[in-house]
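Reviewing the structure listed below.
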Amino acid sequence: MYPSTFTYYRAGSVQEALKLLVENPDAKLLAGGHSLIPAMKLRLASPSALIDISRVPELAGIRDAGDRIVIGATTRYDDIQRSELVRQVLPILPEAIDVIGDLQVRNMGTIGGSLAHADPAADLPAVVLALGAELKAVGPDGERTIPADQFFVDLFTTALQPNEILTEISFPKPPARTGISYQKFANPASGYAVVGAAAVVTLGEDGKVAAVRVGVTGAGPYAVRRQSVEQALVGQEPTAAAIEAASQLASEGMTFNSDIFASDEYRAHLTRVFVKRALTRAVERARG
Amino acid sequence: MAVTKLFGAAIKRREDPRLITGRGNFTDHIRLPGTLVMAIKRSPHAHARIVRIDTSKARAMRGVVAVYTGQDLVDKLAPVPCAWLIPDSDLKLTPYRAVAVDKVRYVGDAVAVVVAEDRYVAQDAIEAIDVEYEVLPAVVDQEKAMESGAPQLYDEIPNNLAFHWKLHIGDFDAIWNEAEVRLSRRLINHRLIPTAMEPRGALAAYNPGSGELTIWCTSQNPHVHRLLLSAVTGLPETRIRVIATDVGGGFGSKIPMYAGEMIAAAISRDLGRPIKWIETRQENCVATIHGRDHIQYVDIAARRDGTITGVRVRAYANMGAYLSTAAPGVPTWLFGLMLQGAYAIPVIHCDVYGVLTNTTPTDAYRGAGRPEATYLLERMIDILARELGMDPAEIRRKNFIPKDRFPYTTPTGLQYDSGDYEATLNRALELVDYSTLRRQQAELRQQGRYIGIGFSTYVEVCGLAPSQAAGAMGFQGGLWESATVRVHPTGKVTVFTGSNPHGQGEETTFAQLVADELGVPFEDVEIVHGDTEMVPFGMGTYGSRSTAVGGAALVAACRKVKEKAQRIAAHLLEVAPEDLAFENGRFFVKGAPDRGMTFQEVALQAYLAWKLPRDIEPGLEATHFWDPVNNTFPFGCHICVVEVDPETGKVDFLKYVAVDDVGNVINPMIVDGQVHGGIAQGLAQAVYEYAAYDANGQLLSASLMDYAIPKASMLPVFTVDRTVTPTPVNPMGVKGAGETGTIASTPAVVNAVIDALAPFGIEHIDMPLTPERIWRAVRERSS
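Sequences listed follow chains A and B, in order. So for the first sequence, this note's numbering puts the first residue at 25; every next one is plus one. So for the second sequence, this note's numbering puts the first residue at 445; every next one is plus one.
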């Protein structure tokens, strides 16, 4: 509960934050702080410096960019939940955020902080995977865009370089007849996802699955897409049997976490069950 | 007694505005100039020999004032005491040094202490201390600890067996041989972490000039702590003041004498400066006592009609690495004496093995022994009901001690004071709408949905007392309670109670009692507790005893005050005391109500003393030490209704009905609160909370990220009702309500889940009933 000594910097702009990052190679970026500060208090993390980017104006905010919705990295959960635009176009975000932590966490925590931290049990990684989001990062060499599929690479590890800052997350607007759902099995102690499954299903005019994306979090070391499930469903009539059969593939080829609450075997089972439940709900919603 | 308007009134807790707006005086809120901060370096190993401790780096750090090892404190502190020396059990005491000297025996055992200018420096210094360990094999499981070849915690305690306690009533073998039905099961009552909202802490301030030690600390029993601190520091009691005014919950975990508080006292004396030590939540998880951790082998003998004829139990109690202050009494007396529960079971045969392991010491945790007994019986009676094809409500009804047999002497030698067990069962069945529920259950099963109904018809022992019994059980103290009632010249009243509420709301209920007794306004009554310089020696708050014992002391003191006031009033009104009546705070002459004096007028006259006769002393106050003739025995019926999702194993709570009988109720709102909190805690044991160790003795659930304290959203809405069967044991007829919920709810929940899973052929799953455990049980039976 007593962190080691560190230096605190408050960046006024992205450029200033980048400069501070270069000058302090051991530094950590501070956004909402709801993952980093607890880790520091337990001395699981002891960065020599914190660079606070939570007040950099260009990093926060939600905007309509035509066929996409762009959310700044330091936009707080609560602001996303309250956004009318997000509620109408990407209702899965408020649905998922609703089950993150508690009110205090949602008041302070940021979307970019959660994604960059890449906690294996965080909720939003599954959602950005299912939505096919793109993540924009800025580094000393300029900007680049990372597809969500390539963003999560290992336990607490992303495709971001140590000197890069995640600046915004860009979501394609879902087409008509799209249903989205996030289903979570929460750990009763921490509230984190033991398994969380996000599904985005677009139905064709014939009622068959035109497109589907599934993301899973909590189960393994990092959030993953479940392409085998998607492939099994595309072009199919989304009957209960078809969803059940496709969901059986959800645990294939994955490594599972194991802890005192849930073994790897149980997590594999929950992955199949929650992918099924997310798909079922998404299809119901797609049908309107 | 005359039940007047305050007794029974749902008055809001007067302590709450202070406590919920951050104006409480918790230990960490107390600031003294010149205070140094203390931090404890704890062992990361469950069992190891200390080879070498290098404190040089820590000592050299800026802001570090002193560093102590166990060796540095050997002459300054006697070992941590154990004060429940259960007789006839071959009890072996554990040499328990506040800071380990040669060996550490659990993860969290203290190995060194840092005193620094601030807490951050102290933490840095803790990390800079280098301890070389020779790691030894550890043993965590109490059954394994007793096996030959198991790691030995103490050379002088073979097989890690601290005691073997026996209670053999009747000839169980004969009963067993002739029984029509015999059931044998192994049940686990797992380990829990009490997790009071306020962790433990102390601010010790030794004044080298006066030689006095004042210590603010998180205590349920300040006088007991004063006595024990005197014993371990060598300071006379008269030079120690313990203050524990606001304490943020305890659940038993703030009864024992602990290393941290002792060390703070010794170091303050050594350095002549105030020392503050506040544990972190992680320290609270590893270094404050744990509760439960019983492995029970149970044999039940019964007739085909459901009548239970005998119970035999062999229990292995995990005591942890050392015997904590009250620990030996918990799994023995507080468990074994209650093994007949609410039932007329004639033969009880109990053996308890207290086993030392490389884990955090265990001690009393809300319910303390009684939940272990109740769970065992309530689980077994359900298993018996299923075996016989009987309804779980009816098999209980069949075995109840009938209401015309009270006071009832149990085979274990207790005298159940009063009871009507069937009334609570009937009321609970009505509230839950039992027959409809059973019908729904059958219908839903057809649809592949699994709801379950679970019962718990419990009786518990409360108002822990009397002192004679305490002595016979080897408890190194009395179990009475004290109260002083001081009436001031204005008629306002200060009450000094030896009870030490730490969440129970006695500042309100006690004021209700006094206002009624003396006929003064509620607002005119002040309750003082938790300061050994102010209140008479008191035994403290635990075992649901504050109101039943401390409240009775208070009423008795009030009656002494009133008796004196009546004599004064009689003298001034020139009548005999027996010619006076007392109503609404006023003495008046019987038959001439205009001739009278208010209680306040009498109080003033008592202090003016102008007109007092020579045989009446001035002043108006009285002290009473109340030692009850018996315990009290609350009882009731809890019914839990759940739905289990067989696909995930998740339990959803549909209904929870609690019908308790705690005797007369002073403040129903506060009793409801106690019941709600108790159910939450007991339900959490059934499905959420679990102190898990790995085989090396690492506590895997040492934070609230892993240890699942229930949140409001994880609990059902409670339907709470009561029947009222007053106890004759105290003048108010109250029994105590602090632990009923915890004791009753755990088996009700487990029984509900197992009932839901009956179609799968599942008869038992050990707690906690986590989704994975349920899923595995279902999968095993389905395949």
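Yeah, the Cβ is synthetic: ideal placement off N, Cα and C, and Gly gets one too.
Other residues of its chain near residue i: CB distance less than 6 Å, five sequence neighbours each side excluded
i, result
"residue 1214(B)", "none"
"residue 306(A)", "203, 204, 205, 223, 225"
"residue 76(A)", "34, 54"
"residue 829(B)", "836, 839"
"residue 303(A)", "223, 267"
"residue 207(A)", "221, 298, 301, 302"
"residue 447(B)", "Unreliable placement is indicated for residue 447(B), whose pLDDT of 41 sits below 50; no coordinate value is reported for it."
Extent of the continuous beta strand (DSSP E) run through residue i
i, result
"residue 1244(B)", "Nothing about residue 1244(B) can be reported from this structure: the residues present for chain B run from 445 to 1227 only."
"residue 102(A)", "Per DSSP, residue 102(A) belongs to no beta strand (DSSP E); it is in the alpha helix (DSSP H), 101-106."
"residue 191(A)", "189-196"
"residue 227(A)", "217-227"
"residue 50(A)", "Here residue 50(A) belongs to no beta strand (DSSP E), and DSSP marks it neither H nor E."
Cβ neighbours of residue i in the same chain (closer than 8 Å, five flanking residues each side left out)
i, result
"residue 292(A)", "243, 275, 278, 280"
"residue 893(B)", "1087"
"residue 210(A)", "123, 216, 217, 218"
"residue 1000(B)", "927, 1068, 1070, 1175"
"residue 315(A)", "Here chain A covers residues 25 to 312 and nothing more, so residue 315(A) does not appear."
"residue 590(B)", "603, 604, 605, 760, 797, 799"
Three-state class that DSSP yields for residue i in the structure shown
i, result
"residue 953(B)", "helix"
"residue 917(B)", "coil"
"residue 699(B)", "coil"
"residue 455(B)", "coil"
"residue 1207(B)", "coil"
"residue 763(B)", "strand"
"residue 1002(B)", "helix"
"residue 1023(B)", "helix"
"residue 498(B)", "strand"
"residue 144(A)", "coil"
"residue 794(B)", "strand"
"residue 1070(B)", "strand"
"residue 298(A)", "helix"
"residue 979(B)", "coil"
"residue 706(B)", "helix"
"residue 932(B)", "coil"
"residue 209(A)", "strand"
Where the alpha helix (DSSP H) containing residue i begins and where it ends
i, result
"residue 150(A)", "148-155"
"residue 1043(B)", "1043-1052"
"residue 845(B)", "Premise fails: residue 845(B) is in no alpha helix (DSSP H) and is neither H nor E."
"residue 1184(B)", "1184-1200"
"residue 620(B)", "616-622"
"residue 1118(B)", "1112-1131"
"residue 729(B)", "725-731"
"residue 201(A)", "From DSSP, residue 201(A) is part of no alpha helix (DSSP H); its letter is neither H nor E."
"residue 815(B)", "814-832"
Cβ-based burial, residue i [other Cβ within 10 Å; buried from 16]
i, result
"residue 925(B)", "buried"
"residue 127(A)", "exposed"
"residue 1082(B)", "buried"
"residue 454(B)", "exposed"
"residue 593(B)", "exposed"
"residue 1157(B)", "exposed"
"residue 1118(B)", "buried"
"residue 230(A)", "exposed"
Same chain, Cβ closer than 7 Å to residue i, five either side skipped, listed in chain order
i, result
"residue 1012(B)", "1046, 1049, 1050, 1056, 1060"
**Q.** contact_flag[the segment 549-563 of chain B, the segment 623-631 of chain B] where n(CB pairs < 8 Å) is 3 or more
**A.** no
Q. Does the segment 1179-1194 of chain B come within contact of the segment 1136-1146 of chain B, defined as at least 3 CB pairs closer than 8 Å?
A. no
Q.
Taking 8 Å as the cut-off, does the segment 981-996 of chain B touch the segment 652-669 of chain B (at least 3 CB pairs, one atom from each stretch)?
A. yes
Q. Does the segment 1151-1164 of chain B touch the segment 1092-1111 of chain B, meaning 3 or more C-beta pairs lie closer than 8 Å?
A. yes
Q.
Under 8 Å: do the segment 774-781 of chain B and the segment 581-599 of chain B share three or more Cβ pairs, one atom per stretch?
A. no
Q: Decide if the segment 104-121 of chain A is in contact with the segment 77-91 of chain A; the criterion is three or more beta carbon pairs, one per stretch, under 8 Å apart.
A: yes
(Q) If contact is defined by three or more beta carbon pairs under 8 Å, each pair taking one atom from either stretch, is the segment 638-650 of chain B in contact with the segment 698-714 of chain B? (A) Output reads yes: the segment 638-650 of chain B touches the segment 698-714 of chain B.
Q.
Does the structure place the segment 528-536 of chain B close enough to the segment 561-577 of chain B that three or more beta carbon pairs sit under 8 Å?
A. They do not touch, by the three-pair rule.
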